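Student:
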Amino acid sequence: MCGIVGYIGTEDAREIIISGLTRLEYRGYDSAGIALYGSESKTFNIYKDKGRVAHLESITDFSYKSCLGIGHTRWATHGVPNQANSHPHTSEESRFFIVHNGVIDNYKELKSELLTENKFYSDTDTEVIAHLIEKFSFEMNVDEAIRKTMSLLEGSYALAIIDTKDESKLYACKNKSPLLLGIGDKGIIVASDLMALVGYSKEYIPLKDKTFVEISGNDYKILDIIGKVVKHEVKVIDVDYTNIEKGEYAHFMLKEISEQPSVIRTIITKYFDGEEVILNGKVKEALEESDRLYIIAAGTSMNAGSVGRELFEKMAGIPTEVHIASEFAYNMPLLSKKPLFIFISQSGETADLRAVLVNVKAKGYRTLTITNVKTSTLAREADYFVEIHAGPEIAVASTKAYTAQIAILAILAYGLSDKHINLRKELSKVAISIENVIDRREYIETLVKEYLTKRNCFYIGRGIDYYACLESSLKLKEISYIQTEGFAAGELKHGTIALIEEDTPVIAIISQRDISKNTRSNLNEVKSRGAKTLVISTKGVHEHDDQIVLDDVYELFSPLLTIIPAQFIAYYAALHRGYDIDKPRNLAKSVTVE
Ligand code: F6R
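Read left to right, the sequence shown gives residues -14 to 579 (the working numbering).
Set out below in structure tokens:
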């Protein structure tokens, strides 16, 4: 989703900002822009357009020196992706340039109550902010004008602001949307993601909500809305982003699918001492003391959470609920007496989850984040956090983070169980079995050509296979744009079966001994109505004409394995349709607006 990079210092702002924006591309965006101050010409210029950062680079003038600038990648929320709606936006008299990440809920009210005379050039909520700052700057200092504007804004924002009357300063502020200050020897960067700081800063400051920063040279002041100094923590950047090249792979998604065995092995080395699971004592205590777990997540992470519920209930006997974060935030069910909230998020920045986290923390409940990004907002703000160690995930469609999340949930559930299995051995078996699927990917590609020929497709399964179906169909739809749903196999006949016509592709996932026969009869029902069926099964329950037969693994861990052919199915379906696999349309990797 939107990315911000701003710089002030003695180095080339343009290079730092463009390379930062390139590193933020993985978050998903539709337009890009940059505002630069030319140190010799003493002029400010804006370059912006719909399209990729490479396009922005091609329209940016590189011929002059610039030591101050702000850049942005936009994921449209208000107004279509076009040049006018791209950031930076300017105030009415063009004194202030701003870039914004987030959504201003009350922008219409602000416009109609305070800016009735102003002329607007875009359909964005952002432009209102620039106009307000300028309006207040006629009556007060710039820092006060920005803080006064902040006090009126409802919603989420991370902002980087340039005052064209003072090129010695860069301003920034935030509420709900992430924003970091990167401290370098030759300047300061503001960015929405640590990735943009790597190579330029060794230290960074995660900014708190409702804080304002004034940066001049290598100096910065961090204040709250009323101008009081806010305490902050300077952290060292110790994240390894060396692993962010595609290498020999055609796409990041293919690379990340292929990395899953090594991710599981990394998790084993991080969380086992011999055969024993090593869990942080406080995390274990929090899990043991709670009478019910509430898993809060979105998208793929929620699908991992649904598998997690099975693991917590069946392995550890702890009642567990899984909730869509955006629903839970504003429609909380009755809670148990001692709940523990578990937030599962690859990015650790998902705004829907953060809304719940802030809410339940305010009520005094304990919180645990399971994430891939240890420096993220959700990791920082929860009481406890557990890292999934999947390594940077760049493709928008999540693959290795899903398996890593399930492996971690298995470890947590096991830590609370009567240890009736050898978890280390079972997870190692899964890693080998995933390798066996990866070796057969070309065969899966031939199946895709034969079966995935229609505009639609259904995944069906029961029990834990149903959760794997939900994730399988999410993968397929998000990158191949095939209309697909995952269904509980037994539910089809209660309505959805009406959609089955001649040659409709139906993919069944069958891995559970006690219910495999039931899924098979549901499969026969759709077959008799003309469906073209493809079966992903495991050896213990397979039939001779199943197309994809996987190794047997511990039954509750089967989603770690059945998802792999489904990831390949999605990948090849998108590949053969010629789509942008790593950056599917309309999607963002880091969903920082509610
Ligand atoms: C799908 C996908 C999304 C994310 C969802 C939550 O492939 O990646 O559905 O799972 O946007 O994001 P995180 O896990 O970062 O909270």
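Glycine included, C-beta positions come from ideal geometry on N, C-alpha and C. Nothing here was measured: the structure is a model prediction, and the numbers come from that model.
Since alanine 573 and glycine 13 are thought to touch, with beta carbons under 8 angstroms apart, how far apart are those beta carbons, to the nearest angstrom?
Tutor: Translated into the one-based positions of the sequence shown, residue 573 becomes position 588. Translated into the one-based positions of the sequence shown, residue 13 becomes position 28. About 3 angstroms; that satisfies the 8 angstroms criterion.
Student: Under the assumption that serine 43 contacts aspartate -3 (Cβ atoms under 8 angstroms), give the Cβ distance between them as a whole number of angstroms.
Tutor: Along the sequence shown, one-based indexing puts residue 43 at 58. Along the sequence shown, one-based indexing puts residue -3 at 12. Actually they do not touch by this definition, with Cβ atoms about 17 angstroms apart.
Student: Reducing DSSP to helix, strand and coil, say where arginine 59 ends up.
Tutor: For the purposes of this step, residue 59 is identified with residue 74 of the sequence shown, where counting begins at 1. Correct three-state label for arginine 59: strand.
Student: Would serine 162 and threonine 518 qualify as a contact pair, given that the criterion is a beta-carbon distance under 7 angstroms?
Tutor: As a position in the sequence shown, residue 162 is number 177, starting the count at 1. As a position in the sequence shown, residue 518 is number 533, starting the count at 1. No.
Student: Below 6 angstroms, is the gap between the Cβ of glutamine 390 and the nearest heavy atom of ligand 1?
Tutor: To locate residue 390, count along the sequence shown from 1; it is residue 405. No - ligand 1 has no heavy atom lying nearer than 6 angstroms to the Cβ of glutamine 390.
Student: Beta carbon of serine 162: closer than 6 angstroms to some heavy atom of ligand 1?
Tutor: In the sequence shown, the residue the question calls residue 162 occupies position 177. Because no heavy atom of ligand 1 lies under 6 angstroms away, the Cβ of serine 162 does not count as near it: no.
Student: DSSP beta-bridge partners for phenylalanine 328?
Tutor: On the sequence shown, position 343 is the one that residue 328 refers to. According to DSSP, phenylalanine 328 bridges with Ile281 and Thr354.
Student: Taking threonine 111 and isoleucine 83 to be in contact with their CB atoms under 8 angstroms, please state how far apart those CB atoms are, rounded to whole angstroms.
Tutor: Here residue 111 refers to the residue found at position 126 when the sequence shown is read from its first residue. Here residue 83 refers to the residue found at position 98 when the sequence shown is read from its first residue. 7 angstroms between Cβ atoms; contact.
Student: Helix, strand or coil for glutamate 233 per DSSP?
Tutor: Position 248 of the sequence shown, counted from the start, is the residue given in the question as residue 233. Three-state result, glutamate 233: coil.
Student: For histidine 40, count neighbouring Cβ atoms within 10 angstroms of its own Cβ and tell me buried if that reaches 16, exposed if not.
Tutor: Walking along the sequence shown from the start, residue 40 turns up at place 55. Histidine 40 is exposed by the Cβ-count criterion.
Student: Look at the alpha carbon of threonine 305 and the alpha carbon of glutamate 579, and state the distance between them as a whole number of angstroms.
Tutor: Position 320 of the sequence shown, counted from the start, is the residue given in the question as residue 305. Position 594 of the sequence shown, counted from the start, is the residue given in the question as residue 579. Looking at the two C-alpha atoms, the distance is approximately 25 angstroms.
Student: May I ask you to verify whether the segment 557 to 568 touches the segment 459 to 467, counting CB pairs closer than 8 angstroms and requiring at least 3?
Tutor: Judged by Cβ distances under 8 angstroms, the segment 557 to 568 makes contact with the segment 459 to 467, as three or more pairs qualify.
Student: Kindly identify the DSSP beta-bridge partner or partners of tyrosine 452.
Tutor: In the sequence shown, residue 452 corresponds to position 467, counting from 1. DSSP, once it has assigned bridges, lists no residue as partnering tyrosine 452.
Student: Hey, how far is the Cα of glutamate 94 from the Cα of glycine 64?
Tutor: Counting from 1 along the sequence shown, the entry for residue 94 is found at position 109. Counting from 1 along the sequence shown, the entry for residue 64 is found at position 79. Approximately 17 angstroms, taken between the alpha carbons.
Student: Ligand 1 heavy atoms versus the CB of alanine 283: any closer than 6 angstroms?
Tutor: Position 298 of the sequence shown, counted from the first residue, corresponds to residue 283. Yes, Cβ of alanine 283 sits closer than 6 angstroms to a heavy atom of ligand 1.
Student: Hey, quick one: how far does the alpha helix (DSSP H) through tyrosine 436 stretch, first residue to last?
Tutor: Here residue 436 refers to the residue found at position 451 when the sequence shown is read from its first residue. Note, tyrosine 436: alpha helix (DSSP H), 426 to 436.
Student: Tell me the DSSP bridge mates of asparagine 86?
Tutor: Sequence index remark: in the sequence shown, residue 86 carries index 101 (1-based). DSSP lists Ala143 as partners of asparagine 86.
Student: Tell me which residue opens and which closes the alpha helix (DSSP H) that histidine 40 is part of.
Tutor: For the purposes of this step, residue 40 is taken as the residue at position 55 of the sequence shown. 38 to 44 is the extent of the alpha helix (DSSP H) around histidine 40.
Student: Cutting at 6 angstroms between CB atoms, please list the residues of its own chain near lysine 171, excluding the five before and the five after it.
Tutor: Locating residue 171 in the sequence shown gives position 186, where the first residue counts as 1. Excluding positions up to five away in sequence, the list reads Gly(-6), Thr(-5) and Glu(-4).
Student: From the DSSP output, in three-state form, read off alanine 559 for me.
Tutor: Here the question's residue 559 lines up with position 574 in the sequence shown. Here alanine 559 sits in helix by DSSP.
Student: Please work out which residues of its chain come closer than 6 angstroms, Cβ to Cβ, to arginine 250, disregarding the five sequence neighbours upstream and downstream, and give them in chain order.
Tutor: Working through the sequence shown from its first residue, we reach residue 250 at position 265. These residues qualify, in order along the chain: Ala416.
Student: Given isoleucine 211, which residues of its chain have a CB within under 8 angstroms of its CB, disregarding the five upstream and five downstream residues?
Tutor: What you label residue 211 is simply residue 226 of the sequence shown in a count that begins at 1. So the qualifying residues of the chain are Arg132.
Student: For histidine 374, does the three-state DSSP call read helix, strand or coil?
Tutor: Position 389 of the sequence shown, counted from the start, is the residue given in the question as residue 374. Histidine 374 falls in the coil class under three-state DSSP.
Student: Rounded to whole angstroms, how far is the Cβ of valine 526 from the Cβ of serine 496, which I believe are closer than 8 angstroms?
Tutor: By one-based count along the sequence shown, residue 526 stands at place 541. By one-based count along the sequence shown, residue 496 stands at place 511. That pair is a contact at about 6 angstroms.
Student: When you compare only the Cα positions, how much space is there between isoleucine 554 and cysteine 454?
Tutor: Numbered from 1 along the sequence shown, position 569 holds the residue referred to as residue 554. Numbered from 1 along the sequence shown, position 469 holds the residue referred to as residue 454. Straight-line Cα distance between these residues: approximately 12 angstroms.
Student: Please determine whether the Cβ atom of serine 330 lies at a distance below 6 angstroms from any heavy atom of ligand 1.
Tutor: As a working note, residue 330 is residue 345 in the sequence shown. True, at least one ligand heavy atom lies under 6 angstroms from that Cβ.
Student: Under 7 angstroms, do glutamate 456 and asparagine 571 count as touching if we go by C-beta distance?
Tutor: What you label residue 456 is simply residue 471 of the sequence shown in a count that begins at 1. What you label residue 571 is simply residue 586 of the sequence shown in a count that begins at 1. No, Cβ-Cβ distance for glutamate 456 and asparagine 571 is not below 7 angstroms.
Student: Based on Cα-Cα distance, which residue from Ala375, Ser522 and Leu412 lies nearest to tyrosine 444?
Tutor: Stepping through the sequence shown from its first residue, residue 444 is reached at position 459. Of the listed residues, the one whose Cα sits closest to tyrosine 444 is Ser522.
Student: Just confirm the distance between the C-beta atoms of serine 16 and arginine 59, as a whole number of angstroms; I'd bet it's less than 8 angstroms.
Tutor: Counting from one through the sequence shown, the residue named residue 16 turns up at place 31. Counting from one through the sequence shown, the residue named residue 59 turns up at place 74. The pair is a contact, with the Cβ atoms about 4 angstroms apart (cut-off 8 angstroms).
Student: Comparing alpha-carbon positions, which option in Gly36, Arg80, Lys220 and His85 lies nearest glutamine 68?
Tutor: Counting from one through the sequence shown, the residue named residue 68 turns up at place 83. Measuring from the Cα of glutamine 68, the nearest candidate turns out to be Gly36.
Student: To the nearest whole angstrom, what separates the beta carbons of glycine 515 and glutamate 486, a pair I think is in contact under 8 angstroms?
Tutor: Mapped onto the sequence shown, residue 515 falls at position 530. Mapped onto the sequence shown, residue 486 falls at position 501. The Cβ separation is near 6 angstroms, so the contact holds.
Student: On the DSSP bridge list, what partners appear for aspartate 148?
Tutor: For the purposes of this step, residue 148 is identified with residue 163 of the sequence shown, where counting begins at 1. Looking at the DSSP assignment, aspartate 148 forms a beta bridge with Phe81.
Student: Can you grab the Cα-Cα spacing for the pair histidine 74 / threonine 335, in whole Å?
Tutor: Residue 74 sits at position 89 when you count from the first residue of the sequence shown. Residue 335 sits at position 350 when you count from the first residue of the sequence shown. C-alpha separation (whole angstroms): 25 angstroms.
Student: Go to valine 248, then tell me how far its alpha helix (DSSP H) extends in each direction, as first and last residue.
Tutor: Translated into positions along the sequence shown, residue 248 becomes position 263. 245 to 256 is the span of the alpha helix (DSSP H), which, as asked, contains valine 248.
Student: Please check the pair glycine 140 and aspartate 90, which I expect to be a contact at CB under 8 angstroms, by giving their CB distance rounded to whole angstroms.
Tutor: The residue labelled residue 140 in the question sits at position 155 within the sequence shown. The residue labelled residue 90 in the question sits at position 105 within the sequence shown. The pair is a contact, with the Cβ atoms about 4 angstroms apart (cut-off 8 angstroms).
Student: Using CA atoms only, rank isn't needed, just tell me which of Val538, Glu230, Val371 and Asp337 is closest to leucine 272.
Tutor: Working through the sequence shown from its first residue, we reach residue 272 at position 287. Ranking Val538, Glu230, Val371 and Asp337 by Cα distance to leucine 272 puts Val371 first.
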